[in-house]
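A.B. asks: Numbering (the numbering used here), first residue to last: 521 to 1173. Ideal Cβ positions, reconstructed from N, Cα and C, are used throughout, including at glycine. One structure coming up, written as structure tokens, with questions to follow.
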């Protein structure tokens, strides 16, 4: 079945309210809750003194109601006594300011004191609740890296040096990797190395890049410290933690997900943004692709959030539509933050399944209706999404791309979404994968940007094209190696033979430049342009004005049994991708009106076509063959589907 529920914070409420919670959960169709995320201070009010009695009652109630517990390890927010006794656990910013307690995530990821206390608490939890009938899954921490992405304290500096020594082995190897001959930065011992704290001007870029890697790994070690306890005490209970949408630049998901049994995501698209569902779709395709299996939506808002400058409620139907979008793109669970809206605290205006107004509210009625709807389609759980197109995403390249002292400021996510959105709008299903992934199953691979391109990845792309694949690469890719050192001999050095060209200079744009295609059509390029020398490629489009007039702008090159395209500027990407997809044999899931998303999940015996109307007008979708809609009348096949604004259909075929 598709799991359904919310974050549950029972420490906020007395016993009589908790009893009512169980009744309302049954009414709303709740089957799983994430329990106890912020319960550390309640279960360990003083160091080493535990009070689990009230939490025993909570779990017993959940078990009696048949509700699974995604039991949190409670370590996301240390209690005040820990920072009072050990102020050294508090994180430090790059400018040297030590942050205070009073919010959440107030810990240095490298702190051995924090990790020790967290491990002790998790040992108590796991030992006490091993075998408990309510325990369905472990939820480690919460939203790692959401607030504390890195710490620059002396403890972190020591941990950073250990990490560097393990990575490079010798100080000479580090000096070479970091190009410390520049600005007289050569190190003679590990003790001289610091985190990239605030400096007079640009810090060493390789140092910054490695500190990004280290900071992700330091947080991962916090996760793994708790994971090792859980594996030892409850080896058969699945373990997860929740990533945070697309804002989570701090964590390299590709290094984290091998340590999780199932991957989870929190998603908060802005109701005021009419295209927010596209950004959400990108995140869903990315999180699904990290393990190529169903994932869990562990948090979304039932209505409004509390942390934007202007917080809109979700209009009627939007919560349902967004929930079904996650399921269509591979989610096997839909949970909310939060179950019951608090009366105090920083998130008292964040919506909940049970709002301040209680059960007689629009939000509770809508979430309860969704729970009943999901209960009717248990067969969807475990089915998979398949894609013919892969878009490549790499965290170290993201970190490197957005460092300082570059030809221009480029944003990785903006670049990704510019290439992803035309595929989404055309209903072409897309995986978002690591560049080292086996690409052989894809008809088309899209590279919006890989500023940092290591040789093995370049070899992977070369082999993919040589075997008959179709590759589209956009500007400022293949520029540096894994230590942010520019390749010599012309860009993009690792892919020059595949692309059949050489880039001699970067010409960032402040405005637009006219483009002329070889078929006589015209367009304009934005953001970027380049001086390109052809080395076997053919110009599909040229710059039609300015200093680059007549020079190649977009190219196509036959390489081996495949084809590689290159865009040295940002054209209107819809027509370009349409042409590339047609040549690669990539077709849409279905032809549908504008604003309708179509995705297929495949089971062993059946396939399920999801149709989601993100528009504000009713539409009719013609089906290629008759199929029943599981959400209306599963017994009657139809040849067309009428979708209301924000409407959803699930066709079984």
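Would you mind reading off the limits of the alpha helix (DSSP H) that contains residue 688?
C.D. replies: Here residue 688 corresponds to residue number 168 of the chain shown, with the count starting at 1. Unbroken alpha helix (DSSP H) run through residue 688: 674-688.
A.B. asks: With burial defined as no fewer than 16 other Cβ atoms inside 10 Å of the residue's Cβ, what is the status of residue 800: buried or exposed?
C.D. replies: By one-based count along the chain shown, residue 800 stands at place 280. Flag for residue 800 reads buried.
A.B. asks: Using the three-state DSSP reduction, which class does residue 811 fall into: helix, strand or coil?
C.D. replies: Here residue 811 is taken as the residue at index 291 of the chain shown, counted from 1. If DSSP states are grouped into helix, strand and coil, residue 811 belongs with the helices.
A.B. asks: Can you tell me the Cα-Cα spacing of residue 1075 and residue 964, whole angstroms?
C.D. replies: Residue numbering aside, residue 1075 sits at position 555 when the chain shown is read from its first letter. Residue numbering aside, residue 964 sits at position 444 when the chain shown is read from its first letter. Distance between the alpha carbons of residue 1075 and residue 964 is about 16 angstroms.
A.B. asks: Considering only DSSP beta bridges, list what residue 1053 is partnered with.
C.D. replies: Here residue 1053 refers to the residue found at position 533 when the chain shown is read from its first residue. DSSP output for residue 1053 lists 1022 as bridge partner(s).
A.B. asks: Three or more C-beta pairs closer than 8 angstroms, one from the stretch 556-571 and one from the stretch 589-608: is that the case here?
C.D. replies: Because the criterion of three Cβ pairs below 8 angstroms is met, the stretch 556-571 and the stretch 589-608 touch.
A.B. asks: Helix or strand or just coil, what does DSSP make of residue 1107?
C.D. replies: Residue numbering aside, residue 1107 sits at position 587 when the chain shown is read from its first letter. It is coil, neither helix nor strand.
A.B. asks: Alpha carbon to alpha carbon, how far is residue 1012 from residue 1025? Give it in angstroms, no decimals.
C.D. replies: Here the question's residue 1025 lines up with position 505 in the chain shown. Here the question's residue 1012 lines up with position 492 in the chain shown. Going from the Cα of residue 1025 to the Cα of residue 1012 covers about 11 angstroms.
A.B. asks: Evaluate residue 1122 with the Cβ neighbour count: other Cβ atoms within 10 Å of its Cβ, from every protein chain shown; 16 or more gives buried, anything less gives exposed.
C.D. replies: Here the question's residue 1122 lines up with position 602 in the chain shown. The residue is exposed, with fewer than 16 neighbouring Cβ atoms inside 10 Å.
A.B. asks: Which same chain residues end up closer than 6 angstroms to residue 867 when comparing Cβ atoms and leaving out the 5 residues on each side of it in sequence?
C.D. replies: Indexing the chain shown from 1 puts residue 867 at position 347. Answer for residue 867: 826, listed in chain order.
A.B. asks: Do you know how far the Cα of residue 927 is from the Cα of residue 1089?
C.D. replies: Along the chain shown, one-based indexing puts residue 1089 at 569. Along the chain shown, one-based indexing puts residue 927 at 407. Spanning the two alpha carbons is a distance of roughly 14 angstroms.
A.B. asks: Going by Cα to Cα distance, which pick from 612, 529, 971 and 1161 is closest to residue 578?
C.D. replies: Numbered from 1 along the chain shown, position 58 holds the residue referred to as residue 578. Closest option to residue 578, Cα to Cα, is 529.
A.B. asks: Output the residue ranges of the beta strand (DSSP E) runs that lie fully inside the stretch 995-1049 and measure 3 residues or longer, sorted by chain position.
C.D. replies: Counting whole runs of 3 or more residues, the stretch 995-1049 contains the beta strand (DSSP E) stretches 1021-1026, 1032-1037 and 1042-1046.
A.B. asks: Do the stretch 730-748 and the stretch 660-673 touch if we need at least three Cβ pairs shorter than 8 angstroms?
C.D. replies: Segments in contact, yes.
A.B. asks: Between the stretch 964-975 and the stretch 993-1010, do at least 3 Cβ pairs fall closer than 8 angstroms?
C.D. replies: A contact exists between the stretch 964-975 and the stretch 993-1010.
A.B. asks: Quick one: what's got a C-beta closer than 7 angstroms to residue 788's C-beta in the same chain, skipping five residues either side?
C.D. replies: Stepping through the chain shown from its first residue, residue 788 is reached at position 268. 765, 820, 821 and 825.
A.B. asks: Label residue 939 either buried or exposed according to how many other C-beta atoms from any shown protein chain fall within 10 Å of its C-beta, with 16 as the threshold for buried.
C.D. replies: Here residue 939 refers to the residue found at position 419 when the chain shown is read from its first residue. Buried.
A.B. asks: For residue 603, does the three-state DSSP call read helix, strand or coil?
C.D. replies: Your numbering for residue 603 matches position 83 in the chain shown. Of the three classes helix, strand and coil, the one that applies to residue 603 here is helix, per DSSP.
A.B. asks: Start and end of the alpha helix (DSSP H) containing residue 919?
C.D. replies: As a first step, residue 919 is located in the chain shown; it is residue number 399 there, counting from the start. Unbroken alpha helix (DSSP H) run through residue 919: 915-921.
A.B. asks: Tell me, please, which residues DSSP counts as bridged to residue 1082.
C.D. replies: Within the chain shown, the letter at position 562 stands for residue 1082. Answer by DSSP bridge pairing, in chain order: 1079.
A.B. asks: Between residue 893 and residue 778, what straight-line distance do the alpha-carbon atoms span, to the nearest angstrom?
C.D. replies: In the chain shown, counting from the first residue as 1, residue 893 sits at position 373. In the chain shown, counting from the first residue as 1, residue 778 sits at position 258. Residue 893 and residue 778: Cα-Cα distance of roughly 33 angstroms.
A.B. asks: Please classify residue 524: is it buried, with 16 or more other beta-carbons within 10 angstroms of its beta-carbon, or exposed?
C.D. replies: Along the chain shown, read from residue 1 onward, the residue named residue 524 stands at position 4. The residue in question, residue 524, is buried, as its Cβ has 16 or more Cβ neighbours within 10 Å.
A.B. asks: Can you find at least 3 beta carbon pairs, one from the stretch 897-910 and one from the stretch 1119-1139, that sit closer than 8 angstroms?
C.D. replies: The stretch 897-910, when compared against the stretch 1119-1139, does touch it at the 8 angstroms Cβ threshold.
A.B. asks: Give the DSSP bridge partners of residue 764, in chain order.
C.D. replies: By one-based count along the chain shown, residue 764 stands at place 244. DSSP, once it has assigned bridges, lists 786 as partnering residue 764.
A.B. asks: Looking only at DSSP bridge pairs, what is residue 511 linked to?
C.D. replies: Because residue 511 is not part of the residues shown, which for the chain are 521 to 1173, the question remains open.
A.B. asks: Mind reading off the beta-carbon distance from residue 994 to residue 967? Whole number of angstroms is fine, and I expect it under 8 angstroms.
C.D. replies: Translated into positions along the chain shown, residue 994 becomes position 474. Translated into positions along the chain shown, residue 967 becomes position 447. Contact flag correct, Cβ pair sits at about 7 angstroms.
A.B. asks: Let's see if you can read the secondary structure: which residues bound the alpha helix (DSSP H) around residue 935?
C.D. replies: Against the chain shown, residue 935 aligns to sequence position 415. 932-945 is the extent of the alpha helix (DSSP H) around residue 935.
A.B. asks: Since I believe residue 745 is in contact with residue 650 (beta carbons under 8 angstroms), could you give me their beta-carbon distance rounded to a whole number of angstroms?
C.D. replies: Counted from its first residue, the chain shown places residue 650 at position 130. Counted from its first residue, the chain shown places residue 745 at position 225. The Cβ separation is near 18 angstroms, so there is no contact.
A.B. asks: Around the Cβ of residue 794, are there at least 16 other Cβ atoms within 10 angstroms (buried) or fewer (exposed)?
C.D. replies: Taking the first residue of the chain shown as 1, we reach residue 794 at position 274. Exposed.
A.B. asks: Counting Cβ pairs, one atom from each stretch, are 3 or more of them under 8 angstroms apart for the stretch 1034-1049 and the stretch 1062-1072?
C.D. replies: At 8 angstroms Cβ cutoff, the stretches touch.
A.B. asks: To the nearest angstrom, report how far apart residue 780 and residue 1068 are at their CA atoms.
C.D. replies: Working through the chain shown from its first residue, we reach residue 780 at position 260. Working through the chain shown from its first residue, we reach residue 1068 at position 548. The alpha-carbon atoms of residue 780 and residue 1068 are separated by roughly 50 angstroms.
A.B. asks: For the 8 angstroms Cβ check, are there 3 or more pairs between the stretch 698-714 and the stretch 637-653?
C.D. replies: These segments do not touch.
A.B. asks: Suppose you measure from the CA of residue 988 to the CA of residue 521; what does that come to, to the nearest Å?
C.D. replies: Position 468 of the chain shown, counting from 1, holds the residue named residue 988. Position 1 of the chain shown, counting from 1, holds the residue named residue 521. When rounded, the distance between both Cα atoms is 40 angstroms.
A.B. asks: Within the continuous alpha helix (DSSP H) that includes residue 580, where are the two ends?
C.D. replies: Looking up residue 580 in the chain shown gives position 60. Here the alpha helix (DSSP H) through residue 580 covers 573-584.
A.B. asks: Give me the DSSP bridge partner(s) of residue 589.
C.D. replies: Taking the chain shown and counting its residues from 1, one reaches residue 589 at position 69. According to DSSP, which records beta bridges pairwise, residue 589 is partnered with 553 and 655.
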